[in-house]
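A short worksheet on the structure shown next.
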Ligand code: HEC
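Set out below in structure tokens:
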């Protein structure tokens, strides 16, 4: 009996991080809001998002960032992305990202889950990155 309970607890714990990290499939849908200015593999109005997770803010070579972004000192991870996407102008005052943000924390979690998964997509495996 003890064993069964322990196994059940382990199984529950194993599914937890995935849930807390959000639903990538939903996130891909939410990303359509970003796609007005961003794509994964190419710079548009905003910089490409391949390579985003783990890189320093404002460092895609050849993309013209605001000074605010270049000087922000941010490294993009789940936490800093959550903060920025919630309220871009509050997180990086002076950013040229003209977007009001995603207010719903669940939507942000889904979006970030998808951004993480997308780093391993075929699009991001191209040599251009
Ligand atoms: C209206 C156009 C626009 C929309 C919509 C937009 N962005 Fe941006 N984004 C930009 C621009 C322009 C920059 C560069 C900002 C700067 O240099 O201050 C940027 C920068 C970023 C950065 C920093 C990238 C880096 O290389 O440091 C992240 C992260 C980001 N956007 C995520 C998102 C996400 C996620 C969404 C959708 C929820 C989104 N953006 C929607 C225009 C946009």
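Residue numbers (our numbering): -18 to 110. Using N, Cα and C, we set each Cβ at its ideal position, and we do this for glycine too.
For a quick check, are the C-beta atoms of residue i and residue j less than 8 Å apart?
i	j	result
residue 92	residue 83	yes
residue 29	residue 20	yes
What's the gap between the Cα of residue i and the Cα of residue j?
i	j	result
residue 64	residue 102	24 Å
residue 105	residue 13	17 Å
residue 25	residue 73	20 Å
residue 16	residue 54	25 Å
residue 45	residue 3	31 Å
residue 94	residue 22	18 Å
residue 118	residue 9	Absent from the structure is residue 118, since the part of the chain shown begins at -18 and ends at 110.
residue 39	residue 77	11 Å
Could you give the DSSP three-state label for residue i: helix, strand or coil?
i	result
residue 84	coil
residue 107	coil
What residue from the options has the CA that sits closest to residue i's CA?
i	options	result
residue 35	71, 49, 69 and 61	61
residue 85	47, 67 and 20	67
residue 100	71, 31 and 18	31
residue 75	98, 59, 51 and 90	51
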